[in-house]
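**Q** Residue numbers (my numbering), protein chains in the order written: chain A, 17 to 532; chain B, 17 to 532.
The beta carbon of each residue, even a glycine, is placed where N, CA and C say it ideally should be.
Predicted model only: the values in this text are computed from it and were never measured.
#1: Closest by CA to residue 406/A, which one among 336/A, 485/A, 141/A, 512/A?
#2: Can you tell which of 380/B, 341/B, 342/B has its C-alpha closest to the C-alpha of residue 358/B?
#3: Looking at chain B, is there any beta carbon in it that lies within less than 8 angstroms of the beta carbon of residue 250/A?
#4: Just list the residues that DSSP pairs residue 29/B with in beta bridges.
#5: Answer with yes or no whether the minimum CB distance from residue 152/A to chain B is below 8 angstroms.
#6: Is the Cβ of residue 488/B closer than 8 angstroms to any Cβ of chain A?
#7: May I ask you to list, following chain order, the residues of the segment 55–74 of chain B that have a beta carbon less than 7 angstroms from some beta carbon of chain A?
#8: Can you check whether the C-beta of residue 203/A is within less than 8 angstroms of a C-beta belonging to chain B?
#9: Taking Cβ-Cβ distances below 8 angstroms as the criterion, which residues of the segment 436–456 of chain B are in contact with chain A?
#10: In chain order, what residues of the same chain have a beta carbon less than 7 angstroms from the beta carbon of residue 387/A, not counting five sequence neighbours either side?
#11: Would you call the segment 210–225 of chain A and the segment 238–247 of chain A touching, i.e. three or more CB-CB distances under 8 angstroms?
#12: Using a Cβ-Cβ cut-off of less than 7 angstroms, give me the residues of the segment 85–112 of chain B that come near chain A, in sequence order.
#13: So, is residue 24/A buried or exposed, given that buried needs 16 or more other C-beta atoms within 10 angstroms?
#14: From the DSSP output, which residues share a beta bridge with residue 193/B?
#15: What number of angstroms, rounded off, separates the C-alpha of residue 31/A from the C-alpha of residue 483/A?
#16: Using the Cβ count rule (16 or more neighbours within 10 Å means buried), how would you classify residue 370/A?
#17: Are there 16 or more other CB atoms within 10 angstroms of the CB of residue 455/A, so buried, or fewer, so exposed?
#18: Is there at least one Cβ from chain A nearer than 8 angstroms to residue 147/B's Cβ?
#19: Less than 8 angstroms separating the beta-carbons of residue 191/B and residue 239/B?
#20: Measure how close the beta-carbons of residue 270/B and residue 263/B come, nearest whole angstrom, since I'm counting them as under 8 angstroms.
#21: Which value, in whole angstroms, describes the spacing of the CA atoms of residue 65/A and residue 94/A?
#22: Note down the Cα distance separating residue 520/A from residue 310/A, rounded to an integer number of angstroms.
#23: Please work out which residues of its chain come closer than 7 angstroms, Cβ to Cβ, to residue 164/B, disregarding the five sequence neighbours upstream and downstream, and give them in chain order.
#24: I need the DSSP call for residue 335/B, collapsed to helix, strand or coil.
#25: How about residue 510/B and residue 347/B: are their beta carbons less than 8 angstroms apart?
#26: Which residue's Cα is closest to the Cα of residue 285/A: 487/A, 409/A, 72/A, 350/A?
#27: In chain order, which continuous runs of the beta strand (DSSP E) of length 3 or greater are located wholly inside the segment 304–376 of chain A?
#28: Which first and last residues belong to the alpha helix (DSSP H) in which residue 51/A is found?
#29: Please list, in chain order, the chain A residues whose beta carbon lies closer than 7 angstroms to that of residue 390/B.
#30: Please check if any C-beta of chain B sits within less than 8 angstroms of the C-beta of residue 491/A.
#31: With DSSP as the reference, identify every bridge partner of residue 249/A, one or two as the case may be.
#32: Any beta carbon of chain A sitting closer than 8 angstroms to that of residue 215/B?
#33: Look at residue 466/A and residue 436/A and say whether their C-beta atoms are less than 8 angstroms apart.
#34: Check whether chain B comes within 8 angstroms of residue 222/A, counting only Cβ atoms and requiring the distance to be less than that.
#35: Please report the distance separating the alpha-carbon of residue 403/A from that of residue 321/A.
#36: Write down every uninterrupted run of the alpha helix (DSSP H) in the segment 379–455 of chain B whose length is 4 residues or greater and which is fully enclosed by it, in chain order.
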C-alpha cells in the first residue's frame, strides 16, 4: 500500500547541530516541525525529549514523527527511526454495551485487526444511569473507570498478538463514545450530566496522554477523544456525522442512530440540527419475551407470503432460532400487518392469525416459531403487549423525525439520504420500517445503512489529518434542540400510533402494500 | 499583607449554566479565564476537570484559579474554593552542591519557610561530569533523577511541617539550575551536553506537571523550569539576570557568578552577552590543603596591619578556625601582597614573612594559624603551590572579564554595577579581589553582592506573573560567546598572572595600596 498523503506520520530531517548552532535537540525538532506544518506545536513531551538525542544521532538526524491534533494545536505523539517499522493507531468505539477497537497501520491506513468486547461496566449496570449513580459513590468513579481501561488494555493485548506488534508500536488512539461513557473513560465526574441543566464536565477533552489514562501503549502516545455538544449528544454521534458526510453535502440529509435512545441529526454543509429522545427499548428487541440482542441464532429477518400466510425466517449465522432481535421484530410486525394478522392499531386479528394465536398468562401471543423448531424447545412468540410496546416506540421514533424536520421547516420527503447508523440500524429492513410507519416513506435507495459509524468516524481521523478541523466544524455547527414533550409533540405522537400512520398520505407505498 | 496585584491567583466568577447555556464546566471556566487574561490558555488538566463540577457548585460558581505560564501559554495549575486557605509556591535553586527551597504564600508573596540540603547526587560524585557519566549507565539516569526528586520531596515534607500546610496546598514550583542539573532533574539524557558540539536535550522545558516528575505536591501543580541557552549557560543564570535587573537597566553592568566555573553576563536592557569559563577550583577554597567550603569554623575574612605585619582572622560563626574558604584565601593573598610578604609574581618574600614561613614536603608554607590556635590542632597554612594556583585562577577570572568586555568594545571601567552572585560571591571582599587583580578596579559601591540570585530569581517569578515574559526576553537576547583559548586569550592571561596585573594603570587604587 502507498503511504497516506495526509496521514499523521511525517518524515522530518533536522539540521545537525554545530558549535555555531547549539540549539537543543527538542527545540531544533520543534522548529523543524513547525516549518513543515506551518503551525505551532504544543509542548514536546518529556518522554520524547528523553529519547530524542540518541534517536536523532542514530538516524543521522532523520526521524519519523507521529503527529496528532485537536481543536487547539498540533501535538507530537511519538518519534521513531527513519525506517519502515509499523506505527499503529487504534480507533475505539466506546459503546455502552459493546466496545470495538480497530487497529490501523498509520502509514497506509490498512486495518490490521479488530476486536470487540462487552463493556465491562455492564457488571455495574447495563444502563448509563446506574453507572453514573455508582460513580457517585466513594471510589466509584475510579472503579468504573478502571473497568473500561482494563478492558481496553486486554483488548490491546489481543490486537497486538494478532497484529504481530508490541503495544509500544501504538502511538495514536481516537475514541468516540457518548458523553457519559466518555466521562467514565476519562474519570470525570458524571454527576451533573443527569441533573438539570445537564452539564458535562468537559465538552472538548482534546488530545490527552495515553499513559495518564493508564492505557498500555507507547509512553508518549496521544488519545484524541471526540467532543460532545452536551449530555445527550456525544462524540460517537459526531464521529458518525463525520463518517456519513452529512456535513459535507449540498443536499439535506438525515442521520439516525436507533437504539433505546434515538439520536437524530438533520442537515447539510451549511447547518446541522440534532435531537435525541427515548424511542423505547422495543426497537432493540429488549422487551419481547423472545427478544434478544442481535447475535448468533437471533431471528433478524422475517417475511411472509401474504397469499399463503406462510412465514420465512432468517437467523444470524443460520443457527436454529433462539430469539428475535430488533430488526426481526420490525419485520415481523410489518409481515403481520401486510398479511392482515394485525390491524392498523396493531391488534391481532384472530381470524387471520388462525392457529398461530395462543393465549398465555391472559395475553394473546402470536407464535412465530413453534417449540419443536426452536433451539431451546420453547415457542418463540410475540404478545399483544410486545406489539403495543413496539408501536409506541415506532411512534416515538417517527414523531422525533417529524419534529426535527418541522423545526427546520422541511418535509421528510425532501431528504436526499436517510442514513441509518448502528449495528441495529444495519439490520433493519427499510421496507419493513416504512411499512409500520417507523421511518418515512422514502424511495428505495434513499436509505443507507452505515453500520458502526462511530468506529468508522474514529478510524477516518487516524487516516487523514485534515479531518481534525472538520470535527470541530461539526461540533460548532450543531444546533441541539431539546425535545419538549408538549401538546404539539403529543398530537404528532398520537397520530403516529397507527400502522403506518393516521395520515395514510404520508405513506403512499404502504397503503398499496396493505391493499394487496 | 495585601494580595499581590500581579500574582498568579485570580478570583474567577463563572456564569452558572442553564438549559439555554449547557456549555460544559471546563469549557465554561476556560472561556471565563481567557476573557480575564485576554489570552489563550493551554488544555485544562483532567485532574482539574475532574474536581471542577463539584467545586464550582459548592462555591456558587466562584473560584480561585492558580495560573502559571511559560514561553508558550498560560496554564491552569489548580483551582480552589473562593476562600483564604493558603495557596503556596516553591522556588527551587537546584545547585550542583546545595539545593535550596523557599516556600512562598502565593497570595501575598510572603516567605513561609526555607530549607536547604546537600544535593543527594553528591553520593554519585561531587562534580557534574561524574554524574553525567553515571547517567549514561543502564538505569543510571533514572537512579540519579530519583535521588534529586526524593531529596526535594523530603524537603517539601519539612517545609510543609514548618509552614503548617499540606503538600497539596503547593501549586506552583519554579526551578532554576544549571543545564546539567536541570537535565538530571527532568530525567533527560545529558550525554550530549559534554560532547562537541555540546547540545542540550531541551532549551526550554517550560511548564511541566509536578506529578509526572514524581514531586509530591498538588496533583495538578505545575513546575516551571528556567530555560537554558546551552550546555554552559543554564537556568540558574537566567534567574540570576532576572534578579539583578541587568536586563532592565539603561546602563551597562556585569553579573559574575564565581565558582569552579565563572559565569559572566554583561549587558543592559538592549543586549546581553554571556560567557563561561573554568576559573579553577582555587577560588572556591578547593585546592589549598587547609581549604574548605564556606561553613562553620571556616576563615572567611583575613586582614593584616601592613605596619606591624599582624594578621586578624574572622571565622564563620566565630568558631575556632578549621580551615579557610575561598573569600579567606583571596583576603589572605591580598594581605600577603599589601604587607610585602608575596611579590607581584605571588612568590613568598622570606625576609618579610619571617617566622611564619615553614618548609614542608619541599614546599614553602605560610602559617596563618599555628597548630595550638586551630580547632584540629594542626597548622593552617598556605603553600607556594596554593598561591600559584590562586594566581592562575584569578588571572583566568580577570581574563574572562577582559575578553567579554573587549568583545562588546567597552572598558571594564565603564561598568555601572558589578554584581557578584553566589554564596561564595557574597563573602568576597571586593577590596581584596581588586588588590590581587581578580576583579577590575572599580569604585567602592560599584560592587554589589546579590547572594543566591538563582533562588531569588526563581522566587520573583512566583510573585509577579508579568516577569514570565521577561525570562524569555532574557533568554532570547543573550549572545553566548565561546571562550576560545587562542593567542589573544593567552596574551591577556599572561599579563594577568601578576599581582595585581602587568599593566598597573588598570589598577590605580591597588598601586597606591601596595605603596603603603
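**A** So, from the listed chains and residues:
#1: 512/A
#2: 380/B
#3: no
#4: 78/B
#5: no
#6: no
#7: 59, 62, 65, 66, 68, 69, 70
#8: yes
#9: none
#10: 393, 394, 395
#11: yes
#12: 88
#13: buried
#14: 110/B
#15: 30 angstroms
#16: exposed
#17: buried
#18: Taking Cβ atoms only, chain A never reaches closer than 8 angstroms to residue 147/B, which makes this a no.
#19: yes
#20: With 8 angstroms as the limit, residue 270/B and residue 263/B do not qualify as a contact, their Cβ atoms being about 13 angstroms apart.
#21: 10 angstroms
#22: 31 angstroms
#23: 135, 136, 137, 200, 201
#24: Note: residue 335/B maps to coil in three-state DSSP.
#25: no
#26: 487/A
#27: 314–321, 326–331, 373–376
#28: Taken as a continuous stretch (DSSP letters only), the alpha helix (DSSP H) holding residue 51/A covers 41–53.
#29: Under the 7 angstroms cutoff, chain A gives no residues; its nearest Cβ is about 48 angstroms from residue 390/B.
#30: no
#31: 246/A
#32: yes
#33: Cβ atoms of residue 466/A and residue 436/A: closer than 8 angstroms.
#34: yes
#35: Using only the alpha carbons, I get a separation of about 20 angstroms.
#36: 400–424, 438–443, 446–451
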